[in-house]
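> For the sequence shown, position 26 (counting from the first letter as 1) is numbered 25 according to numbering that gives the first Met the number 0, and the numbering increases by one without interruption. Even glycine gets a Cβ: it sits at the ideal position worked out from N, Cα and C.
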Amino acid sequence: MESSLHPVTFDNFGQTASLLRQNKTLYRLQLYVNDCHSDSVSYQFIRPILFGLDAESAHGLSLAALRAKPIGAAKRTDPALQTEVAGLVFPSPVGLAPGYDKNAEIFAKAYGLGFGFVEIGTVTPRPQSGNPRPRLFRLVEDRAVINRMGFNNEGMEAAASRIEAVPRARRRGPLGINIGANKDSEDRIGDYEKAMARLAPLADYVTVNISSPNTPGLRALQDKGALDDLLLRVRAVAPDGPPLFLKVAPDLEPADIDDIAAVAIARGIDALIVSNTTISRPPLQSRYAGETGGLSGAPLKALAQQRLADFRKASGGQLPLIGVGGIASAEDAYARIRAGASLVQIYSALVYEGPFLAQRINTGLLSLLRRDGFANIAEAIGADVD
Ligand SMILES: Cc1cc2nc3c(=O)[nH]c(=O)nc-3n(C[C@H](O)[C@H](O)[C@H](O)COP(=O)(O)O)c2cc1C
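1. Determine contact between the stretch 121 to 129 and the stretch 374 to 384, defined as no fewer than three beta-carbon pairs at a distance below 8 Å.
2. Going by Cα to Cα distance, which pick from 102, 78, 103 and 98 is closest to residue 91?
3. Can you tell me whether residue 99 is helix, strand or coil according to DSSP?
4. Between residue 47 and residue 144, what straight-line distance do the alpha-carbon atoms span, to the nearest angstrom?
5. Between the C-alpha atoms of residue 232 and residue 54, what's the straight-line distance to the nearest angstrom?
6. From what residue to what residue does the alpha helix (DSSP H) around residue 82 run?
7. Can you tell me whether DSSP reads residue 137 as helix, strand or coil?
8. Looking at residue 17 and ligand 1, is the gap between the Cβ and the nearest heavy atom below 6 Å?
9. Residue 323: which of 220, 265, 248 and 254 sits nearest, CA to CA?
10. Under the assumption that residue 243 contacts residue 205 (Cβ atoms under 8 Å), give the Cβ distance between them as a whole number of angstroms.
11. Counting C-beta neighbours from all protein chains within 10 Å, is the total for residue 197 16 or more, i.e. buried, or is it exposed?
12. From 66, 276, 84 and 241, pick the residue whose C-alpha is nearest to that of residue 199; which is it?
13. Measuring CB to CB, does residue 138 end up less than 7 Å from residue 287?
14. Starting from residue 358, trace the alpha helix (DSSP H) both ways and give me its first and last residue.
15. Take the Cβ of residue 384 as the centre, count every other Cβ of all protein chains shown within 10 Å, and call the residue buried at 16 or more, exposed below.
16. Quick one: using the 10 Å Cβ neighbour count with 16 as the cut-off for buried, is residue 251 buried or exposed?
17. Run the CB neighbour count on residue 44, radius 10 Å, all protein chains shown included, and call it buried at 16 or more, exposed below.
18. Using C-beta distances below 6 Å, list every residue in its chain close to residue 140, excluding the 5 sequence neighbours before and after it, in chain order.
19. Closest by CA to residue 386, which one among 109, 271 and 18?
20. Identify every residue that forms a DSSP beta bridge with residue 116.
21. For ligand 1, any of its heavy atoms closer than 6 Å to the Cβ of residue 212?
22. Which two residues bound the contiguous alpha helix (DSSP H) that contains residue 347?
23. With a CB to CB cut of under 6 Å and the five nearest residues on each side skipped, what residues in its chain are close to residue 245?
24. Whether or not the stretch 303 to 311 and the stretch 212 to 223 are in contact is what I'm after, with contact meaning three or more pairs of Cβ atoms, one per stretch, closer than 8 Å; do they touch?
25. From the DSSP output, which residues share a beta bridge with residue 176?
26. So, at 7 Å on beta carbons, what are the nonlocal neighbours of residue 191 in its own chain, with the 5 sequence-adjacent residues on each side left out?
27. Within 10 angstroms of its Cβ, does residue 171 collect 16 or more other Cβ (buried), or is it exposed?
28. Could you spell out where the alpha helix (DSSP H) holding residue 189 opens and where it closes?
29. Smallest Cα separation from residue 334: which of 370, 382, 317 and 312?
30. With C-beta atoms as the reference, is residue 350 less than 7 Å away from residue 310?
31. Which residues mark the beginning and the end of the beta strand (DSSP E) in which residue 87 is found?
32. Mapping DSSP to helix, strand and coil, what is residue 244?
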C-alpha cells in the first residue's frame, strides 16, 4: 500500500512538515473525541492547534477523528428534553446542522456527542466539487464563519450507500437528509425530485434546501410560484414518505416571509428551518469580513432569532419551526425555543466551543427549564410569544 507520506526532499519539506502536523493533530483529536469529555477546558488545548490549519483542513481532520470513533452508546438524555415534531421523537432538541457531515460519513457518531438529531447534506443527485479553495474562513474575532463551499458533495449514491450501511437501530435520534440541486443542472426542480426519490426511503425527514447563497439562482426557488411548484412536485415523489421540512434564508423581505409561510402551510410542509447563512454583513472585526459567501455564527444570531419570530407570526403558530443561526450556548438555544422553535441546530459554534457543545447545551437547557418551572421542552416552546 502506498504511504501517505512521501520521502522528504528539500522541495517537499514544507508539505511533509504540514502532513506530520496534521497527523499529530488528528491523533490528539481522536483521543479527545473518544474520551467523551464534555468539558470545554480540554478543547481549549486542542483549538489552537486546529486553528493553526486552514479551516477546511481542520474540518477534514475533525471528520477523520469522528470516523475513527466507535459508535458506542449515546449518553441517556433526560426525558424532559424529549420532544415530538412531525410525529418523530427527538431525545434532545439540539441537532447537528447540515454542512458539517455533507456526505453522511459520521452521522451515527454524532449522537454520541449529545445531538438529539442529525441532518446530513446538502446532497445533490450528482457529485460535484464545489467552488475553488479557499472557500471556508474562520472569523475568530467575531466567532463566525464565512463559507462559499458551493454544495461540494459526493452525490446521492455515495450518501445513500453510507446510510444503508448503518442499521437504523444505530440512530439514537432522527436522521434528516438535506437535498439540493446541482449547480450545472438544467432542471433544478427535477434534481430535487431525483434526490427525493433516492433518499426519502432512508430518511426520518427530508429537508428541501432552497436557501444556500452559494449556488447561483437557487434562492429564486423561494419565490411564491416557484416554491409552490417545487414543493408540490417533491411531495408527489413520495406522498407517503417521511416528513418534509423546508430550509429558508434569513435575507428575506416581509412580503417574502408571508408568501413562504402561506405556501409551506398550503403544501403541507411539516416544519420550517430558519435559517441558512446570511449574505448581509453586520459589523465584523476579522480580516476575512470581505470574503464572498454566507456568514454564520455569532453575528447571525440576532437576524436568525428575528426571522424565527417573523415566521412564527406569519404562520400563526401553524408550522413547527427549527431555529438555526448563531446558537452557541444553552441560553441561546433556550431563547430560540421560547421564541417559538420546537428544535434547534448548531454548526459554527462547534468550531469555537468544541464537539461536545451539544452535551453542555442539553445540561444547561435542563437547568433553565427547571428554573422557570417548565416540566419539559414542549411547555417552553413559544413561551415568549404566546
Ligand atoms: C461550512 C458550512 C457549510 C454549510 N453547508 C450547508 C449545506 O450544505 N446545506 C445547508 O442547508 N446548510 C449549510 N450550512 C448552513 C448551516 O447548516 C446553518 O444553517 C448556518 O451555518 C447557521 O448556523 P450556525 O450559525 O450555527 O452555523 C453550512 C454552514 C457552514 C458554516
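In terms of the structure at hand:
1. No, because fewer than three Cβ pairs between the stretch 121 to 129 and the stretch 374 to 384 fall closer than 8 Å, the two stretches do not touch.
2. Sequence index remark: in the sequence shown, residue 91 carries index 92 (1-based). For the residues 102, 78, 103 and 98, the minimum Cα distance to residue 91 belongs to 78.
3. The residue labelled residue 99 in the question sits at position 100 within the sequence shown. Here residue 99 sits in coil by DSSP.
4. Translated into positions along the sequence shown, residue 47 becomes position 48. Translated into positions along the sequence shown, residue 144 becomes position 145. Cα to Cα, residue 47 sits roughly 16 Å from residue 144.
5. Position 233 of the sequence shown, counted from the first residue, corresponds to residue 232. Position 55 of the sequence shown, counted from the first residue, corresponds to residue 54. Going by the C-alpha atoms only, they are around 37 Å apart.
6. Within the sequence shown, the letter at position 83 stands for residue 82. That residue, residue 82, is in no alpha helix (DSSP H); its beta strand (DSSP E) goes 82 to 84.
7. Numbered from its first residue, the sequence shown carries residue 137 at position 138. Residue 137: strand per DSSP, three-state reduction.
8. Looking up residue 17 in the sequence shown gives position 18. Answer for residue 17: no, Cβ out of range of ligand 1.
9. As a first step, residue 323 is located in the sequence shown; it is residue number 324 there, counting from the start. Comparing Cα-Cα distances from residue 323 to each of 220, 265, 248 and 254, the minimum goes to 248.
10. Working through the sequence shown from its first residue, we reach residue 243 at position 244. Working through the sequence shown from its first residue, we reach residue 205 at position 206. Indeed, because the Cβ distance is near 6 Å, the residues count as touching under 8 Å.
11. In the sequence shown, the residue the question calls residue 197 occupies position 198. Per the 10 Å Cβ criterion, buried.
12. Reading the sequence shown from its first residue, position 200 is the one you call residue 199. The shortest Cα separation from residue 199 among 66, 276, 84 and 241 belongs to 241.
13. Locating residue 138 in the sequence shown gives position 139, counting from the first residue. Locating residue 287 in the sequence shown gives position 288, counting from the first residue. A contact, by the Cβ cut-off of 7 Å.
14. Here residue 358 corresponds to residue number 359 of the sequence shown, with the count starting at 1. Run containing residue 358: 356 to 370, per the alpha helix (DSSP H) assignment.
15. Here residue 384 is taken as the residue at index 385 of the sequence shown, counted from 1. Result: exposed.
16. One-based indexing of the sequence shown puts residue 251 at position 252. By the Cβ neighbour-count rule, residue 251 is buried, with 16 or more other Cβ atoms within 10 Å of its own.
17. As a working mapping, residue 44 is identified with position 45 in the sequence shown. By the neighbour-count rule (16 or more Cβ atoms within 10 Å), residue 44 is not buried but exposed.
18. By 1-based counting over the sequence shown, the position of residue 140 is 141. Within the same chain, residue 140 has close Cβ partners 284 and 285.
19. The structure shown does not extend to residue 386, since the chain is modelled only from 0 to 385, so the question has no answer here.
20. Stepping through the sequence shown from its first residue, residue 116 is reached at position 117. Note: residue 116 sits in a beta bridge opposite 94.
21. Walking along the sequence shown from the start, residue 212 turns up at place 213. No, ligand 1 has no heavy atom inside 6 Å of this Cβ.
22. Position 348 of the sequence shown, counted from the start, is the residue given in the question as residue 347. Per DSSP, the continuous alpha helix (DSSP H) segment holding residue 347 begins and ends at 347 to 352.
23. To locate residue 245, count along the sequence shown from 1; it is residue 246. Taken in chain order, the residues that qualify are 207, 263, 268 and 271.
24. no
25. In the sequence shown, residue 176 corresponds to position 177, counting from 1. 119 and 205, per the DSSP bridge assignment.
26. Numbered from 1 along the sequence shown, position 192 holds the residue referred to as residue 191. Closer than 7 Å at the Cβ level, and outside the excluded window around residue 191, lie 178, 180, 207, 229 and 233.
27. Position 172 of the sequence shown holds residue 171. It is buried - the Cβ of residue 171 has at least 16 other Cβ atoms within 10 Å.
28. Looking up residue 189 in the sequence shown gives position 190. Residue 189 -> alpha helix (DSSP H) spans 187 to 198.
29. Sequence index remark: in the sequence shown, residue 334 carries index 335 (1-based). That would be 382, whose Cα lies nearest to the Cα of residue 334.
30. Taking the sequence shown and counting its residues from 1, the one referred to as residue 350 is at position 351. Taking the sequence shown and counting its residues from 1, the one referred to as residue 310 is at position 311. No, Cβ-Cβ distance for residue 350 and residue 310 is not below 7 Å.
31. For the purposes of this step, residue 87 is identified with residue 88 of the sequence shown, where counting begins at 1. Counting along the chain, the beta strand (DSSP E) containing residue 87 begins and ends at 87 to 89.
32. To locate residue 244, count along the sequence shown from 1; it is residue 245. DSSP places residue 244 in strand when its eight states are reduced to three.
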